[in-house]
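Here is the structure we will look at.
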Amino acid sequence: MSNPSSDTHGDQEPSSQSRSAGSGIPSGQTFRTRAIHVGNELDPATGAVVPPIHFASTFRQPGAGEWGTYDYSRSGNPTRGNLERTLASLEGGSHALAFSSGMAAIHCVTMLLKSGDHVVAGCDLYGGAHRLLHQICDRSGIQVTLVDLTDPAAVTEAITEKTRLIWAESIGNPRLSIPDLRILSETAHQNGAWLGVDNTFATPALYRPLECGVDIVMHSATKYLGGHSDCLGGTLAVADSDLHQKLYFIQNATGAVMDPMSSFLVSRGLKTLDLRVRAQSQTALEIAQWLQLHPMIKNVIYPGLANHPQYDLASEIFDGGYGAMVTFELNGSIQQTAKVCESTHLFHLAVSLGAVESLIEQPATMSHASYAAEDRKNFGITDGLIRLSVGLESFQDLRDDLDRAIGIAMSNASS
Ligand SMILES: Cc1ncc(COP(=O)(O)O)c(C=O)c1O
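In case it helps, our numbering puts the sequence shown at residues 3 to 417.
Put into structure tokens, the structure is as follows:
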């Protein structure tokens, strides 16, 4: 393969990524062990069991025109490289890249495309991805069609000879739809397109899309990977070094890399990812089951409930949990919906998700406000929808918090 980036020094040395590949940890070791040990090797200088954070922006070179392992932190940084090795291992890929945000990671994927190319994306899609595709990519002449990715016939119909990318979310946002990525990857590859998947809601602890033929897996590391609402980041992982080189070239050329402190925080978060996600998923299941029986709740959407349209698929593909996001609709007015969101104490009213503290939000006015009202209507993002990110607090406390808030909202309207 030719190096697509051989015109600048940082790219001639594809090593930022070669360093990401191969960990020295036997591949047979479990996810949880690799999360702790891959990319977290002892510091050879001091024996520290936690590698130091490298804040240096530049590195002394062996000679003029000679490049060491690192030269400039945009092209490669030891702390970011450690995280990228952990991620590649956890995703079951060969390489990973860490970005300044989840949006920067998605933007990098769209920069694989050129004017005239076409994207098929899911209609159950994070608002920021919708805005990027419709209000930024369109400026470069990229066309986008949104479809229900759980309907393979609709996907096939949406594909044109210009389609170069199918963009999916392994658990859609906010309606938690679950496309079959095995079918989507076949469809993409038969049509000469890449399949990129935002795996933020599912996390690699529960689901590893590269294992079913997906080309690029993306995360908002701001969410579960970091896990503590204290850093911003995005990641891409791939199993193909040619594709990795293309993405690395774009990242280095455009510069949206993850900073060393965030890289350290995400690395630390990954060590407990498996434990956190499993515990949060269990609590989310209990909350969804409780909401389902609540007299004031019209509809609960959760992949672990038997009435979810893709419950069977979710049970087959997810590894021991259905994720920690729950969406529901109140049997009340828009004002009452807002009142529920404003009346909880443990669930903070905030966008974002995936951290140890639980969050509540109204997608129509918050995470999906950038959708046109018409699109929100077409895609079922009603004003009455409430989205929960279930954290690590106990089920009993979260249930009582929600019950109280629902009670306040309902009594408010009737007074
Ligand atoms: C599913 C999903 N993907 C991508 C993003 C964007 O990530 P970031 O906010 O880190 O840019 C978000 C942010 O909320 C998200 O929820």
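Beta carbons are placed, not taken as given, at the ideal position from N, Cα and C, and that holds for glycine.
Since we're looking at a predicted model, the values are computed, not measured.
For Ile38, the uninterrupted alpha helix (DSSP H) run begins and ends at 33 to 39, by DSSP. In its chain, beyond the 5 residues on either side, Glu171, Met220 have a beta carbon closer than 6 Å to the beta carbon of Asp200. Note on geometry: alpha-carbon atoms of Asp126 and His370 lie some 10 Å from one another.
Taking the Cα positions, Met113 is about 7 Å away from Ile252. Nearest neighbour of Gly322 by Cα position, chosen from Asp153, Pro54, Leu208, Arg166, turns out to be Leu208.
Rounded to the nearest angstrom, the gap between the Cα atoms of Gln145 and Ile138 is 11 Å. Contact annotation: the stretch 334 to 348 touches the stretch 394 to 413, with at least three C-beta pairs closer than 8 Å. Secondary structure note for Ile336: its alpha helix (DSSP H) is the uninterrupted segment 336 to 345.
Around the beta carbon of Gln364, 16 or more other beta carbons lie within 10 angstroms, which makes this residue buried. Counting only runs of at least 4 residues, the stretch 53 to 118 fully encloses the following alpha helix (DSSP H) elements, listed from N- to C-terminal order: 80 to 93, 104 to 112. Inter-segment contact for the stretch 75 to 82 and the stretch 253 to 262 is present: three or more beta-carbon pairs are separated by less than 8 Å. Going by C-alpha positions, Ser283 is about 18 Å away from Ile388. Looking from the CA of Asp377, the closest CA among Thr147, Ser103, Pro311 belongs to Thr147. Counting only residues of its own chain and dropping the five nearest sequence neighbours on each side, Lys116 has no CB closer than 6 Å to any other CB. Look at Glu359 here: in three-state DSSP terms it is coil, with no helix or strand label. In this structure, the beta-carbon distance from Ser179 to Gln312 falls below 8 Å.
A distance below 7 Å between beta-carbons, with the five flanking residues on each side excluded, links Asp119 to the following residues of its chain, in chain order: Ile144, Lys164, Arg166.
Under DSSP, Gly409 shares a beta bridge with no residue. Excluding five sequence positions before and after Ala131, the CB atoms of its chain that fall closer than 6 Å to its own CB belong to Ile108, given in chain order. Ser265: member of the alpha helix (DSSP H) spanning 262 to 273, first to last residue.
Judged by DSSP in its simplified three-state form, Thr285 adopts helix.
Counting along the chain, Leu183 sits inside the alpha helix (DSSP H) bounded by residues 183 to 192.
Taken through DSSP and simplified to helix, strand or coil, Thr237 comes out as strand. Judged by their CB atoms, Arg87 and Asp276 are not nearer to each other than the 8 Å cut-off.
Shown here, Leu404 sits in a helix according to DSSP, grouped into three states.
Two segments are said to touch when three or more pairs of C-beta atoms, one from each, lie closer than 8 Å; by this definition the stretch 387 to 403 touches the stretch 349 to 363. For Gln145, the enclosing beta strand (DSSP E) begins and ends at 145 to 149. With fewer than 16 other Cβ atoms inside 10 Å of its own Cβ, Arg62 counts as exposed.
If the five residues before and after Ala290 are omitted, its C-beta is found closer than 7 Å to the C-beta atoms of Val302, Tyr304, Gly306, Leu307, Val328, all from its own chain and listed in chain order. For Leu234, the shortest separation between its Cβ and any heavy atom of ligand 1 lies below 7 Å. Ligand 1 approaches Leu355 closely enough that one of its heavy atoms is under 7 Å from the residue's Cβ.
Going by beta carbons, Leu315 and Asp182 fall inside the 8 Å limit. Straight across, the Cα-Cα distance linking Val52 with Gln338 is about 48 Å. By the criterion of a C-beta distance shorter than 8 Å, Ser354 is surrounded in its chain by Thr224, Lys225, Ser231, Leu361, Ser391, once the five residues flanking it on both sides are discounted.
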